[in-house]
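The sequence shown begins at 14 in this note's numbering and counts up one residue at a time.
The structure under discussion appears below in the form of structure tokens.
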Amino acid sequence: MSDCLFCKIVQRKVPAQIVYEDDMALAFEDIHPQAPVHIQVIPKKHIPHVLGAEPADNALMGHLLRVASQVARDRGIADSGFRLVANTNPDSGQEVYHIHFHLLGGRRMHWPPG
Numbered sequence: 014m015s016d017c018l019f020c021k022i023v024q025r026k027v028p029a030q031i032v033y034e035d036d037m038a039l040a041f042e043d044i045h046p047q048a049p050v051h052i053q054v055i056p057k058k059h060i061p062h063v064l065g066a067e068p069a070d071n072a073l074m075g076h077l078l079r080v081a082s083q084v085a086r087d088r089g090i091a092d093s094g095f096r097l098v099a100n101t102n103p104d105s106g107q108e109v110y111h112i113h114f115h116l117l118g119g120r121r122m123h124w125p126p127g
């Protein structure tokens, strides 16, 4: 999608602090971190949100979870714990309509989240 910020990051048209990349996924530092570790984990394929994932995307969605787990290990937050969030549509606070998982850690999380 030509106007999608995250697609532009994948295409290297917009800079980002990339912490992980493979042929299906990209992970990068959030520009407005809400925790000491705040990484966006995205597919390279444009999918607007969780509701836009189709059965053909099952392997990709599982891969994103594995990427998030690896980044959590790499950042040293796997053992202490982390939160993985996928906002969907306006009431959730979704701002970029390209599915993404917020990987948050490095501090104690609170519940309910907000």
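Every residue, glycine too, gets a C-beta built ideally from N, C-alpha and C.
Just the Cα atoms here: how many angstroms apart are residue i and residue j?
| i | j | result |
| --- | --- | --- |
| glycine 75 | histidine 59 | 16 Å |
| histidine 111 | glycine 118 | 22 Å |
| alanine 38 | valine 98 | 16 Å |
| aspartate 92 | cysteine 20 | 32 Å |
| proline 68 | leucine 77 | 15 Å |
| histidine 115 | valine 32 | 13 Å |
| glycine 65 | isoleucine 22 | 20 Å |
| valine 109 | cysteine 17 | 7 Å |
| proline 103 | glutamine 53 | 18 Å |
| isoleucine 90 | valine 27 | 28 Å |
| asparagine 100 | glutamine 47 | 14 Å |
| lysine 57 | aspartate 36 | 8 Å |
| arginine 86 | glycine 94 | 10 Å |
What does DSSP give as the partner residues of residue i in its beta bridges?
| i | result |
| --- | --- |
| tyrosine 33 | Ala40 |
| glutamine 53 | Phe41 and His115 |
| leucine 95 | Reading off the sequence shown, one finds phenylalanine at residue 95, where the question assumed leucine. Phenylalanine 95 is bridged to Gly118. |
Consider the C-beta atom of residue i and the heavy atoms of the ligand GDP; say whether any pair is separated by less than 6 Å.
| i | result |
| --- | --- |
| glutamate 42 | You won't find the ligand GDP in this model; it holds no ligand whatsoever. |
To the nearest whole angstrom, what separates the beta carbons of residue i and residue j, a pair I think is in contact under 8 Å?
| i | j | result |
| --- | --- | --- |
| arginine 62 | glutamine 107 | It should be pointed out that residue 62 corresponds to histidine in this sequence rather than to arginine. That pair is a contact at about 6 Å. |
| alanine 29 | valine 80 | The Cβ separation is near 15 Å, so there is no contact. |
| lysine 113 | isoleucine 55 | Reading off the sequence shown, one finds histidine at residue 113, where the question assumed lysine. With a Cβ gap of about 5 Å, histidine 113 and isoleucine 55 count as contacting. |
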